[in-house]
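Heads up, the thing below is written out as structure tokens.
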Amino acid sequence: MTPAVLARAKPGAGNKLPEQDVGDLPDYDFNDHTWFGHNMLENIRDVRSYLKKAQYELPQLAKFQKPFVPPKSVGKIVAYKSTEYFGEEHPNARKVVLTVNVDELSLDAAQKHKLLLLCGPRYHPGKNEIKISCEKYRLREQNYKHASDLLDKLLEYSKDPSDTFADIPLQTKPQPKVNLAFPQEWLKPKQSMS
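Per the numbering used here, the sequence shown starts with residue 13, numbered consecutively.
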């Protein structure tokens with residue numbers, strides 16, 4: 013074929029399937045599963061294959077079994093939490109909350125006592141953790157840095173041996189709120205029904 017003939021030919025013209033008559037198809041006997049039934053059978057086949065693996069291959073893996081040793085908390089002592097609002101600007105998106113477990117800070121008893129006194133209401137005695145939140149700056153990264161710097165300063169001051177605050181007791185229970193009595197003179201005078 014010449015290039016001119018090839019240029020005039022329609023793409024895919026030689027790939028036509030022979031025409032089939034619908035009457036040549038066999039009659040449907042309604043003896044096959046629906047698509048839901050086929051999916052269900054496929055799931056059953058998957059479960060059977062996993063059960064066969066569990067029966068025949070798992071016993072061979074028993075020689076590689078080791079006793080479980082819980083991991084030591086090495087490295088990640090500080091946890092940060094922030095909220096992301098997708099698709100919109102939100103003032104709460106810049107807020108960062110830093111939490112740290114006090115036992116993981118490797119402080120002695122006097123340093124720990126001083127740190128907890130310096131933290132004040134940021135210390136949660138039930139969870140034994142310090143929570144520092146910051147939304148002072150416009151960018152979230154700046155708030156991360158500020159919270160981290162604040163924790164570093166607290167640790168630095170708690171390790172300073174000049175004053176240990178040993179004479180000040182640590183109040184770990186929450187302080188009850190003062191309920192003021194309602195002034196009696198503000199009440200309406202009772203009027204007689206006569």
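Think of the CB as a built atom: it goes at the ideal place given N, C-alpha and C, for glycine as much as any other residue.
To which residues does DSSP link residue i through a beta bridge?
{"i": "His136", "result": "Glu141"}
{"i": "Thr111", "result": "Ala91 and Lys143"}
Quick check: what's the CA-CA separation for residue i versus residue j?
{"i": "Pro195", "j": "Arg134", "result": "34 Å"}
{"i": "His172", "j": "Val108", "result": "Before going on, a small fix: residue 172 reads as Asp here, not His. Going by the C-alpha atoms only, they are around 28 Å apart."}
{"i": "Pro43", "j": "Val34", "result": "According to the sequence as given, residue 43 is Asn; it is not Pro. C-alpha separation (whole angstroms): 20 Å."}
{"i": "Leu210", "j": "Gln67", "result": "As shown, the chain starts at 13 and ends at 206. That puts residue 210 outside it, with no answer to give."}
{"i": "Tyr97", "j": "Lys148", "result": "18 Å"}
{"i": "Gln77", "j": "Val112", "result": "35 Å"}
{"i": "Gly49", "j": "Pro38", "result": "22 Å"}
{"i": "Ala105", "j": "Ser94", "result": "7 Å"}
{"i": "His41", "j": "Leu53", "result": "One detail in the question is off: residue 41 reads as Asp in this sequence, not His. Between Asp41 and Leu53, the C-alpha separation is close to 20 Å."}
{"i": "Ser61", "j": "Glu69", "result": "11 Å"}
{"i": "Val114", "j": "Leu167", "result": "11 Å"}
{"i": "Lys64", "j": "Leu127", "result": "58 Å"}
{"i": "Lys84", "j": "Asn191", "result": "46 Å"}
{"i": "Pro71", "j": "Arg152", "result": "52 Å"}
Pick helix, strand or coil for residue i, following the three-state DSSP scheme.
{"i": "Arg57", "result": "helix"}
{"i": "Gly35", "result": "helix"}
{"i": "Glu197", "result": "helix"}
{"i": "Leu167", "result": "helix"}
{"i": "Lys126", "result": "helix"}
{"i": "Lys75", "result": "helix"}
{"i": "Lys7", "result": "No information on residue 7 is available, as it lies outside the stretch 13 to 206 that the chain covers here."}
{"i": "Gly49", "result": "helix"}
{"i": "Ser174", "result": "coil"}
{"i": "His102", "result": "coil"}
{"i": "Glu96", "result": "coil"}
{"i": "Asp120", "result": "coil"}
Which residue from the options puts its Cα closest to that of residue i?
{"i": "Ala178", "options": "Pro201, Ala122, Lys165 and Leu199", "result": "Ala122"}
{"i": "Ser207", "options": "Leu167, Ile180, Tyr92 and Lys139", "result": "Lying before the first or after the last residue shown, residue 207 is absent from the chain, which here runs from 13 to 206."}
{"i": "Glu116", "options": "His158, Asp36, Lys75 and Lys139", "result": "Lys139"}
{"i": "His102", "options": "Asp58, Leu130, Leu199 and Arg150", "result": "Arg150"}
{"i": "Ile142", "options": "Lys75, Leu110 and Lys84", "result": "Leu110"}
{"i": "His136", "options": "Leu182, Ala159 and Glu153", "result": "Leu182"}
{"i": "Thr161", "options": "Asp175, Val90, Pro201 and Lys202", "result": "Note on residue identity: the sequence assigns Asp, not Thr, to residue 161. Ranking the options by Cα distance to Asp161, first place goes to Val90."}
{"i": "Leu130", "options": "Asp175, Leu73 and His45", "result": "Asp175"}
{"i": "Thr4", "options": "His125, Gln203, Arg152 and Leu192", "result": "Residue 4 lies beyond the range of the chain shown here (13 to 206); nothing can be said about it."}
Taking only beta-carbon atoms, is residue i less than 7 Å away from chain D?
{"i": "Pro201", "result": "The displayed structure is made up of one protein chain only, and chain D is not part of it."}
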